[in-house]
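The structure appears right after this line, and notes come after that.
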Amino acid sequence: MRIRNSVVVITGAASGIGRATALRFARRHVDLVLASRRVEALESLVSECTALGSRAIAVPTDTSEYDAVQELASRAVEEFGRIDVWVNNAAVSFFSPFLDVPMRDFQRVIDVNLMGYVHGARAALERMQDQGAGVLVNVASIVGEVPQPYTSAYSVSKAAVRALGVSLRSELTLDRKKRIHVCTVLPPTIDTPFFDHVANYTGRRAVAMPPVYSADRVAKAILGVVDSPTREVAVGRIGRSMVRQHRLMPGRLEKLMAHQVENTHLSKKESAEDSTGNLYGPSLDPVNARVSGGWGGRRRTVQRTVVGSALLGTALGALVFAEPLKTGVPVLAGRAANLGRELLGAD
1 MRIRNSVVVI TGAASGIGRA TALRFARRHV DLVLASRRVE ALESLVSECT ALGSRAIAVP
61 TDTSEYDAVQ ELASRAVEEF GRIDVWVNNA AVSFFSPFLD VPMRDFQRVI DVNLMGYVHG
121 ARAALERMQD QGAGVLVNVA SIVGEVPQPY TSAYSVSKAA VRALGVSLRS ELTLDRKKRI
181 HVCTVLPPTI DTPFFDHVAN YTGRRAVAMP PVYSADRVAK AILGVVDSPT REVAVGRIGR
241 SMVRQHRLMP GRLEKLMAHQ VENTHLSKKE SAEDSTGNLY GPSLDPVNAR VSGGWGGRRR
301 TVQRTVVGSA LLGTALGALV FAEPLKTGVP VLAGRAANLG RELLGAD
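Below, the structure is given as structure tokens:
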């Protein structure tokens with residue numbers, strides 16, 4: 001659909017992917033309705049978007065509350081007359097062994113990451129049905145395809161978001177609503193402040209797991225699926241490779257993911273006290289109200305990509321010797337070589 005002059009709603013807009021997406025849309029001169037729990041961060045974002053040529057309003061919203069999300073949609077229609085694009089992006093998480101996390105925290109992640117998206121989809125599609133057109137974008141995650149340890153609720157929620165997208169697309173097909181689209185975006189590890197205010201019960205500081213991509217890379221993908229609606233898009237070459245390889249060799253890649261999280265997602269040098277992070281209230285640190293979390297930088301991103309490529313390449317290369325009878329050496333060797341080429345050229 002045509003982005004320019006569209007009305008766009010973005011949840012989780014105060015920082016990270018949401019903020020980067022808002023700024024990309026602002027450069028296309030859309031009307032923006034920006035939602036988050038952080039009032040001051042939203043107000044500063046409105047100023048930035050206005051300076052780029054967009055009209056923008058801030059609507060403080062806790063997406064886990066159905067009535068609040070309905071009010072967000074109503075404000076968008078009252079202010080700008082319609083909703084052309086809705087981006088479900090607000091999310092929270094914890095790092096914890098499954099048996100150690102308080103059940104209240106597990107439920108909170110589901111309430112925000114899954115029910116928040118359900119609330120957003122309901123509010124958006126109700127308005128889009130009346131209009132006869134629109135694009136709903138759900139920001140899921142690569143862990144919705146390849147779940148990881150210590151983030152059980154987050155992994156569950158992102159897998160469910162993918163299923164939600166499939167179900168909604170199926171209903172739209174049956175209703176012959178060809179001008180209403182539901183698109184799912186799957187980011188890998190992204191350079192945002194997310195890891196600085198995540199809940200944690202591991203005793204170790206959570207850090208960005210390599211390879212790390214910029215939030216603007218995800219924002220670009222989001223605008224891409226709005227420009228040309230696509231059912232599902234994995235961000236980054238390694239992200240796309242992980243999706244393909246998980247479907248080919250799920251057991252092996254799941255083991256690889258487990259070890260990589262253990263070795264690179266939780267610091268072996270820095271400890272962390274038990275904390276609920278931003279599960280029940282937004283971070284008040286203004287440093288966390290920005291796009292980047294300080295995990296990127298061109299040189300560091302290249303280094304992390306090389307490390308991630310080596311880990312994946314070594315593990316998958318071992319399959320040539322581990323499973324010769326099941327798949328055949330030539331086939332596995334070819335797949336490993338193809339993956340190696342993809343990873344070494346990771347973007």
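Residues 1 to 347 (UniProt numbering) are what the sequence shown spells out, left to right. Note that the Cβ used here is the ideal one computed from N, Cα and C, for glycine as well.
With DSSP collapsed to three states, give me the class of V87.
strand
Could you tell me whether the Cβ atoms of R38 and A289 are closer together than 7 Å?
yes
Report yes if the C-beta distance between A140 and T184 is below 7 Å; otherwise report no.
yes
For a test of your reading of the model: does the CB of T202 fall under 6 Å from any non-hydrogen atom of the ligand GDP? Yes or no.
Ligands are entirely absent from the displayed structure, and the ligand GDP is therefore not among its contents.
Given R75, which residues of its chain have a CB within under 8 Å of its CB, disregarding the five upstream and five downstream residues?
V33, I57, V59
Taking just the CA atoms, how far does V8 sit from H119?
16 Å
Pick from L168, E262, V218: whose alpha carbon is nearest that of D191?
V218
S241, enclosing alpha helix (DSSP H) - first and last residue
237 to 248
I'd like the span of the beta strand (DSSP E) that includes V185, first residue to last.
180 to 186
For the alpha helix (DSSP H) containing V46, list its first residue and its last residue.
39 to 51
Per-residue DSSP class, three states only, for I17
helix
Round the Cβ separation of T151 and F95 to the nearest angstrom and send it over; I've been treating them as touching at under 8 Å.
6 Å
Specify, as a first and last residue, the run of the beta strand (DSSP E) that V218 falls within.
Here V218 belongs to no beta strand (DSSP E); instead the alpha helix (DSSP H) covers 215 to 227.
Please list the terminal residues of the continuous alpha helix (DSSP H) segment that includes L164.
152 to 174
Assigned exposure category for R122 - 16 Cβ within 10 Å defines buried:
exposed
Mapping the DSSP letters down to three states, classify F60 as helix, strand or coil.
The question names Phe, but residue 60 is Pro in the sequence shown. P60 falls in the strand class under three-state DSSP.
When DSSP labels each residue in this structure, what does L99 get in the three-state scheme?
coil
Take D285 as the anchor and find which of T230, R205, F194 has the nearest alpha-carbon.
F194
Given V182 as reference, the closest of V112, S93, Q129, G239 once Cα atoms are compared:
Q129
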